[in-house]
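Numbering (this note's numbering), first residue to last: 3 to 159.
Cβ atoms here follow ideal geometry from the backbone N, Cα and C, with glycine treated the same way.
Right, one structure below, let's go through it.
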Amino acid sequence: MQHHEKFMLRAIELARHGINQGAGGPFGAVVVKDGVIVGEGWNQVLASSDPTAHGEIMAIRDACAHEGVFSLEGCEIYTTGQPCPMCLGAIYWARIDRIYHGFRVEDAADIGFDDAEFFRQIGLPADARAIPSQELCREQALLLADDYLRLPGLQRY
């Protein structure tokens, strides 16, 4: 078995564990660095009452804690399902190099996890989205941003 398949099968095993525990949907993930799993996770939305507790998010959190870093540059993620917009954003923020996924977004929709509307909404201008967004206290928020830029020893991410 190729190492890629080994990691994907571990992600599937984690997802199966999660669904058997009633923790959430069939989503598991592993983060791999230099051929070694450094983070694991499975969907825990139901178990934790946290809509952000997707398998990829949990694996990223685990990998960052394990490695003591906020950047997972040099890592790959193996996930049972093609990442939703939130998880895809987290993967980009974590600087993960590559994604391997099992089933597709369309397959997830067939079992009740339809991300198509989220992807569509993100592509719309802010004023055309279903959830309204309004600018408020911009000047005060910009002062905060300026204060942040002046912090001694500022570490960018």
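Next on the checklist: The beta strand (DSSP E) that contains alanine 31, what's its start and end?
Outcome noted: Counting from one through the sequence shown, the residue named residue 31 turns up at place 29. That run of the beta strand (DSSP E) goes 30 to 35.
Next on the checklist: Can you find the residues in the same chain that come closer than 8 Å, C-beta to C-beta, to glycine 76, ignoring five residues on each side of it along the sequence?
Outcome noted: Counting from one through the sequence shown, the residue named residue 76 turns up at place 74. Correct list, in chain order: Lys35, Asp36 and Asp99.
Next on the checklist: Tell me the residue span of the beta strand (DSSP E) that contains histidine 19.
Outcome noted: One-based indexing of the sequence shown puts residue 19 at position 17. Not the beta strand (DSSP E): histidine 19 falls in the alpha helix (DSSP H), residues 5 to 22.
Item to check | Below-8 Å beta-carbon distance, aspartate 99 vs any chain C residue | outcome: Any reference to chain C falls outside this structure, which holds one protein chain only.
Checklist entry - Quick one: what's got a C-beta closer than 8 Å to leucine 48's C-beta in the same chain, skipping five residues either side? => result Indexing the sequence shown from 1 puts residue 48 at position 46. The residues are Gly24, Ala25 and Gly26.
Next on the checklist: Please list the terminal residues of the continuous alpha helix (DSSP H) segment that includes phenylalanine 120.
Outcome noted: Translated into the one-based positions of the sequence shown, residue 120 becomes position 118. Here the alpha helix (DSSP H) through phenylalanine 120 covers 118 to 125.
Item to check | CA-to-CA distance, proline 85 to alanine 103, given in whole angstroms | outcome: Counting from one through the sequence shown, the residue named residue 103 turns up at place 101. Counting from one through the sequence shown, the residue named residue 85 turns up at place 83. Alanine is not the amino acid found at residue 103; the sequence shown has histidine there. If I take the Cα positions, the gap works out to 8 Å.
Checklist entry - By Cβ distance below 6 Å, which residues in the same chain neighbour isoleucine 39 in space, the five residues on each side in sequence not counted? => result In the sequence shown, counting from the first residue as 1, residue 39 sits at position 37. Hits under 6 Å: Val32.
Checklist entry - CB leucine 74 to CB alanine 96, shorter than 8 Å? => result One-based indexing of the sequence shown puts residue 74 at position 72. One-based indexing of the sequence shown puts residue 96 at position 94. Yes, the Cβ-Cβ distance between leucine 74 and alanine 96 is below 8 Å.
Next on the checklist: DSSP three-state label for histidine 68, please.
Outcome noted: Sequence index remark: in the sequence shown, residue 68 carries index 66 (1-based). DSSP places histidine 68 in helix when its eight states are reduced to three.
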